[in-house]
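For the sequence shown, UniProt numbering begins at 1 and goes up steadily by one.
Cβ atoms here follow ideal geometry from the backbone N, Cα and C, with glycine treated the same way.
Bear in mind the structure is a predicted one, so any value in this text is a computation, not a measurement.
Written out below as structure tokens is the structure these notes cover.
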Amino acid sequence: MADYLVIVESPAKAKTIGKYLGKKYSVKASMGHVIDLPKSQMGVDVENDYSPKYITIRGKGPILKELKQAAKKAKRVYLAADPDREGEAIAWHLADSLNIDKDSKCRVVFNEITKQAIKDSFKHPREINTNLVDAQQARRVLDRLVGYNISPLLWKKVKKGLSAGRVQSVAVKMIIDRENEINAFEPQEYWSITAQLEKDGKNFEAKFTGINGEKKELSSEEEVNSVLEQMKGSSFQIDEVKRRERKRNPVVPFTTSSLQQEAARKLNFRAKKTMMLAQQLYEGIDIGKSGTVGLITYMRTDSTRISDTAKNETRDYIVEKYGEEYAGAQKEQKQSQNAQDAHEAVRPTSVLMTPKDVKQYLSRDQYRLYKLIWERLVASRMAPAVMDTMTVNMSNNGVEFRANGSKLKFAGFMKVYIEGNDDGKEEKDRLLPDLEEGEMTGESSIEPAQHFTQPPPRYTEARLVRTLEELGIGRPSTYAPTLDTIQRRGYVALEEKRFVPTELGTIVLELIEEFFPEILDVEFTASMESNLDSIEEGSNSWVGIIDDFYGGFEKRLKTAEEEMKEVEIKDEPAGEDCEKCGHEMVYKMGRYGKFMACSNFPECRNTKAIVKEIGVDCPKCKEGNIVERKSKKKRIFFGCDRYPECDFISWDKPIARSCPKCENMLVEKKSKKGTHVQCVECDYKEEQN
């Protein structure tokens with residue numbers, strides 16, 4: 001029988017830790033929380049200092065019984081839940097249930113699951129941090145007071161199954177506000193003039209900047225024609241050549257937020273998937289002879305700090321692999337104002353476990369995420385990249401143009417990693433010929449082009465997470481569940497990987513905005529996060545902070561119960577009749593988005609998926625139309641609407657014209673460079689923007 005009992009959350013974590021601790025330790029999993037607030041009621045006694053009513057979670061009774069029996073037999077019990085507020089709360093509840101003295105040194109925390117980190121943590125157990133527990137308890141109570149009071153009101157006034165949370169409501173508001181901006185946007189016309197130039201057999205381009213030393217914006221074709229009339233000929237005089245060296249500093253290691261953003265950009269991962277894979281890498285992977293090893297540090301963090309050991313190991317690796325000149329001597333990145341800095345950045349537990357070394361032991365997606373995290377850490381400790389840049393100002397009878405060129409002189413950190421961006425474009429060399437002041441360029445073509453300003457883009461998951469973080473809304477552990485919740489409730493939908501609000505989301509938001517404006521106030525929500533942080537720091541009482549909020553909230557709740565009008569969400573006609581009973585089909589909102597259903601429900605339960613025609617005839621059967629569909633994994637594909645009679649499918653979007661070369665089907669192909677049209681049979685290809 002083992003002398004010591006260690007309790008963690010998951011079996012995977014238990015397996016990894018058990019291997020390091022040896023036979024004297026028995027490591028068991030609680031499977032997350034065993035004690036929590038009840039689901040069927042609010043579970044908060046408002047009249048008694050907001051005292052929470054905790055119960056054993058349904059289904060967790062046998063687990064808790066097993067843990068109690070093991071605790072009775074052990075000489076000592078260690079509680080090793082995750083190193084954050086939620087983990088501290090799990091430890092506190094376990095200590096209470098197992099009759100462990102909360103003031104005893106029963107709490108063990110570690111930021112990485114490696115042999116050395118585990119052994120060191122068990123040498124320095126500590127008491128349960130009640131400030132952390134209080135901060136977590138305050139969040140749970142606050143969310144219950146909001147959700148379990150507003151949600152029943154929405155059920156009564158709108159429809160069943162709705163909810164209203166603090167962070168999720170702000171996220172929905174941001175998405176709706178952005179949609180309103182887009183709808184109200186009025187495009188403004190503007191023009192550009194590009195000169196396609198040549199010097200010594202090398203082609204390059206220059207852009208119009210102004211006239212006679214003054215910058216000028218072109219807003220109409222008349223202004224463009226006036227500029228063109230002023231120009232004489234099609235060659236330019238080189239007025240000024242500026243050459244300089246520009247440094248590009250390396251990125252910092254990942255926080256939870258930046259990891260979710262970069263995984264979305266580079267790997268096309270949803271935030272929820274990123275966190276699931278990161279959890280697996282953190283808890284441990286069996287990598288052959290070395291056994292089960294935690295490959296990354298704890299993945300819920302807003303810190304970019306890394307340990308001295310990690311810095312030194314990474315520097316040694318860089319020097320050995322790339323040379324001394326690639327090893328950087330960076331200043332430490334200043335933490336953001338909202339960062340808790342409780343533990344390190346998300347990084348590999350050892351840079352010596354390269355992606356290539358562990359690839360055979362990981363799933364494809366685990367490998368891709370680990371590679372991203374590994375490369376980010378290595379790049380963060382490398383020297384800056386150095387670019388040679390060249391700016392050339394030229395003129396033609398007072399009409400001024402500018403050409404910019406750049407060339408990578410020293411790759412530095414870019415040899416390993418280049419950070420993605422939201423438009424997917426990567427910086428490339430733009431080479432200019434060797435130009436000198438006073439020279440003339442060769443003959444050129446002048447290309448004016450009309451443009452219109454574009455509305456602000458809809459939020460992607462990455463952009464929304466970044467904005468929430470910048471505003472101080474939520475914390476690392478809340479981003480993924482928030483995005484998941486607002487989609488499951490039907491408040492927003494994803495179209496082409498961007499959030500759009502639904503009618504339901506708009507209605508719910510308007511009601512919350514009318515009766516509970518503080519819930520949607522960004523400054524209020526951010527300040528509440530700061531208040532929760534102050535509880536963790538021990539400088540504020542959690543009961544006092546809840547009380548300050550609840551006084552005004554309770555009054556507004558009573559007003560809403562009396563004055564909020566019932567809202568009837570009418571089903572939108574789908575424009576076709578049910579093929580089973582003849583009644584009208586209507587659009588309904590379900591867990592996975594909109595679908596068509598018979599209006600004669602429940603007598604008729606016929607439902608159909610919504611298909612979107614793209615205006616292209618089926619190239620296979622010549623009778624059907626091509627429609628847009630979604631696979632079980634939510635990937636868009638295109639197929640014939642006569643399926644199953646016709647089984648034509650294409651992952652690329654067909655277009656309504658044939659290949660001019662071979663008469664076969666043309667499709668749109670998307671890549672990081674943009675979209676282009678190509679033939680499915682021959683080598684015909686059209687470039688597009």
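| Residue span of the beta strand (DSSP E) that contains L295, given as start and end | Per DSSP, L295 belongs to no beta strand (DSSP E) and is neither H nor E.
| Apart from the five residues on each side of it in sequence, which residues of its chain come closer than 6 Å, Cβ to Cβ, to I287? | V293, V358 and Y361
| Alpha-carbon spacing of E603 relative to G582, whole angstroms | Going by C-alpha positions, E603 is about 12 Å away from G582.
| said: Which residues does DSSP list as the beta-bridge partners of F637? | reply: Under DSSP, F637 forms a beta bridge with R629.
| What did DSSP end up calling K334 once you bin it into helix, strand or coil? | Any reading at K334 must be qualified, since the residue scores a pLDDT of 47, below 50, and its modelled position is unreliable; no value is offered.
| query | How about F516 and I193: are their beta carbons less than 8 Å apart? | reply | no
| query | What did DSSP end up calling K685 once you bin it into helix, strand or coil? | reply | strand
| said: Using 8 Å for Cβ pairs, my map puts V133 next to A74. What's the rounded Cβ distance? | reply: At roughly 23 Å, the Cβ-Cβ gap does not stay under 8 Å, so V133 and A74 are not in contact.
| task | Taking the CB atoms as reference points, tell me whether H33 and I55 lie closer together than 8 Å. | result | no
| Going straight from the alpha carbon of R144 to that of Q136, what length do you get? | 12 Å
| Own chain, CB closer than 6 Å to E400, minus 5 neighbours either side, in chain order | Here E400 has T209 and G210 as same chain residues with Cβ atoms under 6 Å from its own Cβ, once five neighbours each way along the sequence are excluded.
| message | For K661, which residues in the same chain have their Cβ closer than 6 Å to its Cβ, ignoring the five residues on either side in sequence? | response | C682 and Y684
| Minimum length 4: unbroken alpha helix (DSSP H) runs contained in the region 238 to 286 | 256 to 267 and 271 to 283
| Per-residue burial, H343 [other beta carbons within 10 Å of its own, 16 or more giving buried] | Classification for H343: buried.
| field | Nearest candidate by alpha-carbon position, reference L5, set T255, V27, K23 and I17 | value | V27
| Per DSSP, the bridge partner or partners of G675 | Sequence inspection shows Thr at residue 675; the Gly mentioned does not correspond to that position. For T675, DSSP records a beta bridge to K670.
| field | For T506, the first and last residue of its enclosing alpha helix (DSSP H) | value | E503 to F515
| Rounded Cβ spacing between A12 and G284 (contact assumed at less than 8 Å) | 6 Å
| query | What residue from A80, E375, C621 and P456 has the CA that sits closest to E179's CA? | reply | P456
| Roughly how many angstroms lie between the CA atoms of R270 and L471, to the nearest whole one? | Roughly 21 Å between the two C-alpha positions.
| query | Who are M387's beta bridge partners in DSSP? | reply | R246 and L408
| field | Exposed unless 16 or more other CB atoms sit within 10 angstroms - verdict on N689 | value | Annotation note: pLDDT 44 at N689 (below 50); position unreliable, coordinate value reported separately. Counting Cβ neighbours within 10 Å, N689 comes out exposed, since fewer than 16 surround it.
| query | Do you know how far the Cα of S380 is from the Cα of S350? | reply | 15 Å
| query | Any idea what DSSP makes of L218, helix, strand or coil? | reply | Three-state DSSP puts L218 in a strand.
| Rounded straight-line distance, which links the Cα of A278 to that of S299 | Reading the sequence as shown, one finds Met at residue 299 and not Ser. Whole-angstrom Cα-Cα distance: 6 Å.
| task | Give the straight-line distance between the Cα atoms of A2 and F254, rounded to the nearest whole angstrom. | result | 39 Å
| field | Buried/exposed call for R265, threshold 16 Cβ in 10 Å | value | It counts as buried.
| field | Same chain, Cβ closer than 6 Å to G103, neighbours up to 5 away in sequence not counted | value | First, the amino acid is wrong: residue 103 is Asp here, not Gly. Answer for D103: E127, listed in chain order.
| message | Classify L431: buried if its beta carbon has 16 or more other beta carbons within 10 angstroms, exposed otherwise. | response | exposed
| request: Taking 8 Å as the cut-off, decide whether the C-beta atoms of F204 and A449 are in contact. | output: No, the Cβ-Cβ distance between F204 and A449 is not below 8 Å.
| Secondary structure at G398, three-state DSSP: helix, strand or coil? | Correct three-state label for G398: coil.
| query | Going along the chain, which residues of its own chain have a beta-carbon closer than 7 Å to the beta-carbon of T506, five neighbours each way excluded? | reply | I176
| query | Where A339 and L37 are concerned, what is the direct C-alpha to C-alpha distance, given to the nearest angstrom? | reply | Residue placement at A339 cannot be trusted, given a pLDDT of 47 that sits under 50; what the coordinates show is reported in the next sentence. Roughly 28 Å separates the two Cα atoms.
| message | For P644, count the other beta carbons within 10 Å of its own beta carbon; 16 or more makes it buried, fewer makes it exposed. Which is it? | response | exposed
| message | With the cut-off set at 8 Å, would you say C578 and N600 are in Cβ contact? | response | Yes, they are a contact pair.
| query | So, are the CB atoms of residue 757 and Q487 less than 8 Å apart? | reply | Outside the displayed span of the chain (1 to 689) sits residue 757, for which this structure offers no information.
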